[in-house]
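Numbering-wise, our numbering comes out as the position in the sequence shown, counting from 1, plus 2.
For each residue, glycine too, the CB sits at the ideal point set by N, CA and C.
Here is the structure we will look at, set down as structure tokens.
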Amino acid sequence: MRTRPFSRITKAAAIVAVAAIASSAAADFTAKFEVTITNITRGQTFTPQLLTTHSQEIALFELGQPASDAVALLAEAGDTSAATEVLLNAGSAVNAVQTVDGLLAPGQSVSTIIEASLFHQRLTMAAMLIPTNDTFVALNGVQLPRRGSATFTALGYDAGSEANDQNCANMPGPRCGGEGASPGVNDGDEGFIYVSNGFHELPAEDGVEGEVLGPRVYDWRNPVATVTVRRID
Numbered sequence: 003m004r005t006r007p008f009s010r011i012t013k014a015a016a017i018v019a020v021a022a023i024a025s026s027a028a029a030d031f032t033a034k035f036e037v038t039i040t041n042i043t044r045g046q047t048f049t050p051q052l053l054t055t056h057s058q059e060i061a062l063f064e065l066g067q068p069a070s071d072a073v074a075l076l077a078e079a080g081d082t083s084a085a086t087e088v089l090l091n092a093g094s095a096v097n098a099v100q101t102v103d104g105l106l107a108p109g110q111s112v113s114t115i116i117e118a119s120l121f122h123q124r125l126t127m128a129a130m131l132i133p134t135n136d137t138f139v140a141l142n143g144v145q146l147p148r149r150g151s152a153t154f155t156a157l158g159y160d161a162g163s164e165a166n167d168q169n170c171a172n173m174p175g176p177r178c179g180g181e182g183a184s185p186g187v188n189d190g191d192e193g194f195i196y197v198s199n200g201f202h203e204l205p206a207e208d209g210v211e212g213e214v215l216g217p218r219v220y221d222w223r224n225p226v227a228t229v230t231v232r233r234i235d
């Protein structure tokens with residue numbers, strides 16, 4: 003009779019040991035993915051592209067909610083440094099973070115390699131559209147393919163953190179060379195992230211400093227990018 007409890011303990015210990023081994027093996031497991039981003043707009047350029055692999059526990063942003071300071075900086079200035087810092091401080095929820103340097107012009111593609119683990123099967127990508135006030139292209143936590151490849155379409159999102167005056171004085175980049183991030187909350191800020199509805203014809207205003215751009219060249223319709231993810235290891 004005394005052997006039964008011992009037997010149960012032995013089986014339980016064996017199960018725990020197997021689970022520990024499996025967990026350790028899973029933690030050591032990594033896979034490599036080639037990510038190819040293609041700009042499919044006619045007149046918008048992408049700033050350097052932020053990429054991260056992570057668990058489903060976190061998200062870079064949530065539609066209908068105010069943009070974080072890190073997302074606002076990315077959307078207004080194309081600066082990925084604050085978002086990178088936030089992700090690197092997210093602990094076990096994040097596997098890899100990187101920024102693809104350089105501008106991505108209309109019709110161009112760029113490829114990079116990123117790693118993921120068994121516990122980090124989500125991919126997020128984000129970059130600013132220039133010239134805009136605070137529009138960014140993003141994939142927000144899509145599922146990585148288990149094998150082969152998958153192609154996603156990425157939308158343009160408005161961070162709602164800066165008024166869309168389309169004024170070169172308030173838009174960075176080689177076309178305008180204006181200011182990037184606008185500190186604090188200002189008149190005209192929508193205050194929440196939403197699917198961007200493009201560039202618009204704005205009425206001319208006397209006394210406005212800088213050049214106001216119109217939709218003929220710079221407008222777009224969603225989606226604004228395709229992202230192909232291919233498992234290579």
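The alpha helix (DSSP H) that contains D71, what's its start and end? On the sequence shown, position 69 is the one that residue 71 refers to. From DSSP, the alpha helix (DSSP H) with D71 extends over 71-79.
T47 by DSSP, collapsed to three states: which one?
Indexing the sequence shown from 1 puts residue 47 at position 45. Note: T47 maps to strand in three-state DSSP.
Could you tell me how far apart the beta carbons of S163 and E78 are, in whole angstroms, since I believe they sit closer than 8 Å?
In the sequence shown, the residue the question calls residue 163 occupies position 161. In the sequence shown, the residue the question calls residue 78 occupies position 76. For a cut-off of 8 Å, the C-beta gap from S163 to E78 is around 6 Å, short enough to register as a contact.
On the criterion of 16 or more Cβ atoms from any shown chain inside 10 Å, does S94 qualify as buried, or is it exposed? Counting from one through the sequence shown, the residue named residue 94 turns up at place 92. It counts as exposed.
Buried versus exposed, by CB contacts within 10 Å (16 or more), Y220:
If you number the sequence shown from 1, residue 220 lands on position 218. Y220 should be labelled buried.
Q.
Please tell me whether, using a cut-off of 6 Å, the distance from the CB of G180 to the nearest non-hydrogen atom of the ligand GDP is below it.
A. Here there are no bound small molecules, and the ligand GDP is not part of this structure.
- [ ] Check S83 in the structure and name its three-state DSSP category.
- [x] One-based indexing of the sequence shown puts residue 83 at position 81. It is helical.
Cβ neighbour criterion (16 or more within 10 Å) applied to V73:
As a working mapping, residue 73 is identified with position 71 in the sequence shown. Taking all protein chains in view, the Cβ of V73 is crowded by 16 or more other Cβ atoms within 10 Å, so the residue is classified as buried.
With C-beta atoms as the reference, is G158 less than 7 Å away from T126? For the purposes of this step, residue 158 is taken as residue 156 along the sequence shown, with counting starting at 1. For the purposes of this step, residue 126 is taken as residue 124 along the sequence shown, with counting starting at 1. In this structure, T126 does not lie closer than 7 Å to G158 by Cβ.
- Message: According to DSSP, is V99 part of a helix, a strand, or is it coil?
- Response: Walking along the sequence shown from the start, residue 99 turns up at place 97. Look at V99 here: in three-state DSSP terms it is strand.
### Query
How big is the Cα-Cα spacing for S26 and A98?
Within the sequence shown, the letter at position 24 stands for residue 26. Within the sequence shown, the letter at position 96 stands for residue 98. Note on S26: pLDDT 41, under 50, position unreliable in the model; no value is reported.
Requested in this report: Determine the direct distance from the alpha carbon of Q123 to that of A22, and round the result to whole angstroms.
Outcome: To locate residue 22, count along the sequence shown from 1; it is residue 20. To locate residue 123, count along the sequence shown from 1; it is residue 121. Confidence in A22 is poor, its pLDDT being 35 and thus under 50, which makes the residue's placement too unreliable to answer from.
Closest Cα partner of T129 within the set F121, G104, T230: For the purposes of this step, residue 129 is identified with residue 127 of the sequence shown, where counting begins at 1. In the sequence as displayed, the identity of residue 129 is Ala instead of Thr. Here the closest residue by C-alpha is G104.
Report task. Using the Cα positions of E36 and V229, report the straight-line distance between them to the nearest angstrom. Result -> Numbered from its first residue, the sequence shown carries residue 36 at position 34. Numbered from its first residue, the sequence shown carries residue 229 at position 227. If I take the Cα positions, the gap works out to 10 Å.
Self-check item: Terminal residues of the beta strand (DSSP E) in which V139 lies
Solution: Within the sequence shown, the letter at position 137 stands for residue 139. Note, V139: beta strand (DSSP E), 137-145.
Requested in this report: List the DSSP bridge partners of R223.
Outcome: In the sequence shown, residue 223 corresponds to position 221, counting from 1. None, per the DSSP bridge assignment.
message: On a Cα-Cα basis, can you pick out the residue from E203, P217, A165 that is closest to F194?
response: For the purposes of this step, residue 194 is identified with residue 192 of the sequence shown, where counting begins at 1. Comparing Cα positions, the closest option is A165.
**Report entry** First and last residue of the uninterrupted beta strand (DSSP E) at F154
**Finding:** Position 152 of the sequence shown, counting from 1, holds the residue named residue 154. Unbroken beta strand (DSSP E) run through F154: 151-160.
**Beta bridge counterpart(s) of A33 as assigned by DSSP** = Position 31 of the sequence shown, counting from 1, holds the residue named residue 33. Paired residue(s): A118.
* To do: Just the C-alpha distance for G179 and F31, rounded to the nearest angstrom, thanks.
  => The count along the sequence shown starts at 1 and reaches residue 179 at position 177. The count along the sequence shown starts at 1 and reaches residue 31 at position 29. Distance between the alpha carbons of G179 and F31 is about 45 Å.
Problem set entry | V88 beta carbon less than 7 Å from that of Q51 | Position 49 of the sequence shown holds residue 51. Position 86 of the sequence shown holds residue 88. Not in contact: Q51 and V88 (Cβ atoms no closer than 7 Å).
- prompt: H56 bridges to which residues according to DSSP?
  reply: The count along the sequence shown starts at 1 and reaches residue 56 at position 54. Under DSSP, H56 forms a beta bridge with V96, R124.
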